[in-house]
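Student: Sharing a structure, written as structure tokens. Questions coming.
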Amino acid sequence: MEKSRVRWSDLPPQLWPLIGKRLDNYIDIVRFRSVCRSWRASLPQLNAISLLSPLLVSHPFDHRIEDALVIRRIIYGTSPLRHHQTSTYPSSSSSSSRASAGWLAKVETTNLGKLRFLTPLSTDWVKSRNQVFRKEVNLLDFRIHEVAKSYILRSTIGGILFINKVVVFPDSAWIDVKKTSIIVAVNIEGKLGYTKVGDYKWTLIGSPNFCFADLIVYEGEIYTVDRLGTVFLIDSSMKLVQISPELGVISNEKHLIECGGEIYVVDRFLEQKKDPELLNSWFDEPMPRVVDFKVHRLDQEIMGKSRWVEVKNLGNRAFVVGHNSFSVSAADFEGFKENCIYFSDELQSDLGYGFSTHVLDLEERTIVKASPQIFRAPPIWLHS
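In short: position in the sequence shown from 1, add 66, done, that's the working numbering.
Right, here's the structure in full:
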């Protein structure tokens, strides 16, 4: 006998708030509250403008700039439901399963509560020729989920350069980040510091001689990696706790990525060293070209020991490497290929000169331009 389906709204009422309180990002809570009136009443309404708006802090490494904005950018995985699917943008695969593949969309919220679309591997705004975005989008018409979250620091009078990475912790839809969260940033020189909203004072983390490369929030904790490939946990007292041996790989850049519940370090190798002083002479100096990547996974063994394992196959995953690195299932998104690393030149795109996305195939060890399908402007179902 075939089992009958149970409607979500028919679940026991005592389960509703238990399920809802386990959701920690804004879009999941919105979708939870959209199931029915009873579910909507079981959770408090969120103030989207307050929740997603920029945070005002002092500049971490330049005292000449008094104020800076911490701006949140969220990367969503989106795809239309069946009745909104379109053949305007054909799939890159002949497989029928790719017909429902989605797109990545990066969204920034301004201090006025307006949404702004950006290309996922740069800071460039999406420019759609001869088309007008819908003023309203019904989220019930799409499958949508949060893939990654990133932050940038921008001064109140213009852009801020020389900041490699910013994280806000904790960052949940259920907390007031203006009262409880800590902002941690690492600059281009590898200095690591933190502050709280309203403190207007940054404190250095670790020795001034340390040189850090990246930050992530992983399993409810902040982790950082230095230029030599040693991973540290930043504990509740903002002290560094070493959790890995030194990787021993000297590269131009290191990126931390969480994939499948594990920590990865991706080393980026350039054909020439990137000098911060070149930022003042881009017209005279060519951009350094990426020539290779290496991937290592942190194997955290029993009794607190850990070791590095070189990874030569990502399986069905693809890594997207940049200021905010993340992994995706290649089959879920249009144009992606498994066991590949997608990247662009972030410094060039930050300065507004455009960017070109490339892909490294880990099996073939080749670097080519990525399919234009991947990070194109939002598809037709976002336009009016």
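Glycine is no exception: its CB is placed at the ideal position from the N, C-alpha and C atoms.
Bear in mind that the values here come from a model prediction, so they are computed numbers and not experimental data.
Grab me the residues of Asp301's own chain with a C-beta within less than 6 Å of its C-beta, minus the 5 sequence neighbours each way, in chain order.
Tutor: Here the set comprises Val307.
Student: With three or more beta-carbon pairs closer than 8 Å as the criterion, would you say the segment 266-274 touches the segment 307-327?
Tutor: Verdict: no, contact absent.
Student: Applying the 10 Å Cβ sphere with the 16-neighbour rule, what's the burial state of Asp398?
Tutor: Buried.
Student: Thinking just about the alpha-carbon of each residue, which of Ala384, Leu112 and Leu147 is nearest to the one in Ile440?
Tutor: When each option's Cα is compared against that of Ile440, the closest is Ala384.
Student: Would you call the segment 246-260 and the segment 139-146 in contact, with 3 or more CB pairs under 8 Å?
Tutor: No, the segment 246-260 is not in contact with the segment 139-146.
Student: Please classify Ala134: is it buried, with 16 or more other beta-carbons within 10 angstroms of its beta-carbon, or exposed?
Tutor: Buried, since its Cβ has 16 or more Cβ neighbours within 10 Å.
Student: Would the beta-carbon of Val291 fall within 8 Å of that of Leu336?
Tutor: No. Outside cutoff.
Student: Is it buried or exposed, Glu319, if we count other Cβ atoms within 10 angstroms and call 16 or more buried?
Tutor: Answer is buried; the Cβ neighbour count reaches 16.
Student: Should His389 and Lys231 be called a contact, given that it needs their Cβ atoms to be closer than 8 Å?
Tutor: Yes, the pair counts as a contact, with Cβ atoms nearer than the cut-off.
Student: Excluding the five sequence neighbours on either side, which residues of its own chain have a C-beta within less than 8 Å of the C-beta of Asn406, listed in chain order?
Tutor: The displayed chain sequence assigns Cys, not Asn, to residue 406. Taken in chain order, the residues that qualify are Leu380, Ala384, Phe385, Ala396, Val425, Leu426, Asp427 and Leu428.
Student: To the nearest angstrom, how far is the alpha carbon of Gly401 from that of Trp374?
Tutor: The straight-line gap from Cα to Cα measures roughly 31 Å.
Student: Taking 6 Å as the limit between beta carbons, can you name the residues of its chain near Leu294, skipping five residues before and five after?
Tutor: Correct list, in chain order: Glu312.
Student: Evaluate Tyr155 with the Cβ neighbour count: other Cβ atoms within 10 Å of its Cβ, from every protein chain shown; 16 or more gives buried, anything less gives exposed.
Tutor: Caution applies to Tyr155, whose pLDDT of 38 falls short of 50 and renders its modelled position unreliable; the model cannot decide the point.
Student: Using the Cβ count rule (16 or more neighbours within 10 Å means buried), how would you classify Ser415?
Tutor: The predicted position of Ser415 is uncertain, since its pLDDT is 43 and thus under 50; no value can be drawn from it.
Student: Since Pro126 and Trp268 should fall inside the 8 Å C-beta cutoff, what is the C-beta to C-beta distance between them, to a whole number of angstroms?
Tutor: Contact flag correct, Cβ pair sits at about 4 Å.
Student: Can you list, in chain order, the stretches of the alpha helix (DSSP H) that have 4 or more residues and sit fully within the segment 230-274?
Tutor: Complete alpha helix (DSSP H) runs here, min 4: 243-246.
Student: Go through its chain and collect everything with a Cβ distance to Val72's Cβ below 7 Å, but skip five positions before and after it.
Tutor: Around Val72: no qualifying Cβ.
Student: Measuring straight from C-alpha to C-alpha, what distance separates Asp265 and Leu281?
Tutor: C-alpha separation (whole angstroms): 22 Å.
Student: Ordered along the chain, which non-local residues of its own chain (more than five positions away) have a Cβ less than 8 Å from that of Ser75?
Tutor: The answer, listed in chain order, is Val101, Cys102, Ser104 and Trp105.
Student: Taking all protein chains shown into account, decide if Asp333 is buried (16 or more other Cβ within 10 angstroms of its Cβ) or exposed.
Tutor: Answer is buried; the Cβ neighbour count reaches 16.
Student: Out of curiosity, what's the CA-to-CA distance linking Val243 and Arg97?
Tutor: For Val243 and Arg97, the distance between alpha carbons rounds to 22 Å.
Student: Is it buried or exposed for Val297, if we count other Cβ within 10 angstroms and need 16 for buried?
Tutor: It is buried - the Cβ of Val297 has at least 16 other Cβ atoms within 10 Å.
Student: Let me know if Ala214 comes out buried or exposed under the rule of 16 or more other beta-carbons within 10 Å of its beta-carbon.
Tutor: Buried, because 16 or more other Cβ atoms sit within 10 Å of the Cβ of Ala214.
Student: Using a Cβ-Cβ cut-off of 6 Å (strictly less than) and excluding sequence neighbours within five positions of Val377, which residues of its own chain qualify?
Tutor: Contacts found: Val361 and Arg363.
Student: From the DSSP secondary-structure annotation, give me the bridge partner or partners of Glu212.
Tutor: In DSSP, Glu212 forms a bridge with Tyr142.
Student: Beta-carbon within less than 6 Å of Ile433's beta-carbon, same chain only, minus the 5 sequence neighbours each way: which residues are those?
Tutor: His424 and Leu426, listed in sequence order.
Student: Could you please give the first and the last residue of the uninterrupted alpha helix (DSSP H) stretch that includes Ser108?
Tutor: Per DSSP, Ser108 belongs to the alpha helix (DSSP H) from Arg103 to Ser108.
Student: What residue from Gly256, Val394 and Lys87 has the CA that sits closest to Glu324's CA?
Tutor: Ranking Gly256, Val394 and Lys87 by Cα distance to Glu324 puts Val394 first.
Student: Less than 7 Å separating the Cβ of Ser395 from some heavy atom of the ligand COA?
Tutor: Among the components modelled here there is no ligand, and therefore nothing to report on the ligand COA.
Student: Run through DSSP, which three-state label would Ile85 get?
Tutor: Ile85 falls in the helix class under three-state DSSP.
Student: Which word fits Tyr289, buried or exposed, when buried means at least 16 other C-beta atoms lie within 10 angstroms of its C-beta?
Tutor: Buried.
Student: With DSSP as the reference, label Ala384 as helix, strand or coil.
Tutor: Correct three-state label for Ala384: strand.
Student: In whole angstroms, what separates the C-alpha of Ala107 from that of Arg99?
Tutor: Cα to Cα, the separation comes out at about 8 Å.
Student: Would you tell me roughly how many angstroms separate the C-alpha atoms of Ile93 and Pro120, rounded to the nearest one?
Tutor: Taking the straight line joining both Cα atoms gives about 17 Å.
Student: Given a cut-off of 8 Å on the beta-carbon distance, is the pair Asn91 and Glu212 in contact?
Tutor: Cβ distance < 8 Å, so Asn91 and Glu212 count as in contact.
Student: Please go through the same chain and pick out, in chain order, the residues whose beta-carbon is closer than 8 Å to the beta-carbon of Leu89, but skip the five residues on each side of it.
Tutor: So the qualifying residues of the chain are Ile95, Phe98 and Ala239.
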